[in-house]
Amino acid sequence: MTRDPGIGNRESGIVKSGYQRLVSHAAVLAGGLLLSFSALAADPGTALQQSGTDLADRASLQRGARLFMNYCAGCHSLKYLRYSRMAEDLGLSEEEVMENLNFTGAAFGEHIVPAMPAEQAEDWFGVAPPDLSLVVRTKAGGPDWIYTFLKSFYQDESSAQGWNNTLFPDVSMPNPLWEMQGLQHPVYGAPDETGQPAIERLELARPGTQDAAEFDRTVRDIAAFLEYAAEPAALKRQGIGVWVILFLAFFTFLAWLLKKEYWRDVH
13 MTRDPGIGNR ESGIVKSGYQ RLVSHAAVLA GGLLLSFSAL AADPGTALQQ SGTDLADRAS
73 LQRGARLFMN YCAGCHSLKY LRYSRMAEDL GLSEEEVMEN LNFTGAAFGE HIVPAMPAEQ
133 AEDWFGVAPP DLSLVVRTKA GGPDWIYTFL KSFYQDESSA QGWNNTLFPD VSMPNPLWEM
193 QGLQHPVYGA PDETGQPAIE RLELARPGTQ DAAEFDRTVR DIAAFLEYAA EPAALKRQGI
253 GVWVILFLAF FTFLAWLLKK EYWRDVH
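Going by the numbering used here, the residue at position 59 of the sequence shown is 71; the numbering climbs one at a time, nothing skipped.
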């Protein structure tokens, strides 16, 4: 049974920061996926949906952390991210993290590891679930790939797991979010070049506990958290960036005053 740590009960998350949103607009200048990174290849003919993730939205990152820990961390690790670093970056206290997000008994300063031992996972699934620390950086499309992937599961009785995925055909994992999303069935169209009927779209055959908008936010929050986990320094870089912009603006103003004073003496 999935545990709900409860940190997402408040609509705005644990900490709501308007400053972070300012940073997003001023300074940006430029679960579980039971697969090996070598196999993480999307169908080139499948268009990715726009996730709309925002690393400046701390509430979204907090919700994403809660969702990841409840639905993904049982199998997958984030071996390059420590609980303590996550707490600092997302505005969480040690108590909140240890009580609500740490289900393995790891120390606060340790890396995030899965509850399932890798040896047992390999015996059960045939392959150990991969670490997801850098999954967003390894995928073309980044968080959009995660967002689309998690929304593209459908029931497939011919699959060993009973599930398949339009973005990643023959995926070897079940849908971890099916209770919230509901059960999707494929609608087939004309046969493709192989003679097999192609999937035109997915239809919701049985509703889940969330409506479409709520589930979109759920998947967006997970994608945003994994985007953060792939490069935690991005948050600090954005914070520094706004001061760099202010400094450059002030320096430009001083340079203009200096130029004006210099040319007044010349004339």
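Cβ coordinates follow ideal geometry from the N, Cα and C atoms, glycine included. The model shown is predicted, which means the values in this text are computed figures rather than measured ones.
- Cβ atoms of ALA236 and SER72 come within 8 Å of each other, at about 5 Å.
- Taking one beta carbon from each stretch, the region 158-174 and the region 193-206 have 3 or more pairs nearer than 8 Å; the two touch.
- Every alpha helix (DSSP H) of 4 residues or more that sits fully in the region 190-271 is shown, in chain order, as 190-193 and 224-242.
- Rounded to the nearest angstrom, the Cβ distance from THR65 to GLU226 is 17 Å, too far for a contact under 8 Å.
- In the three-state DSSP reduction, PHE161 falls in the helix class (H, G or I).
- Counting along the chain, LEU93 sits inside the beta strand (DSSP E) bounded by residues 90-94.
- As the crow flies, the alpha-carbon of LEU113 is around 13 Å from that of GLY103.
- Per DSSP, the unbroken beta strand (DSSP E) holding ASN176 starts and ends at 175-177.
- Annotation: the continuous alpha helix (DSSP H) that includes SER72 extends over 70-83.
- If the five residues before and after ARG213 are omitted, its C-beta is found closer than 6 Å to the C-beta atoms of VAL199, all from its own chain and listed in chain order.
- In the DSSP assignment, ASN187 falls outside any alpha helix (DSSP H) and carries neither an H nor an E.
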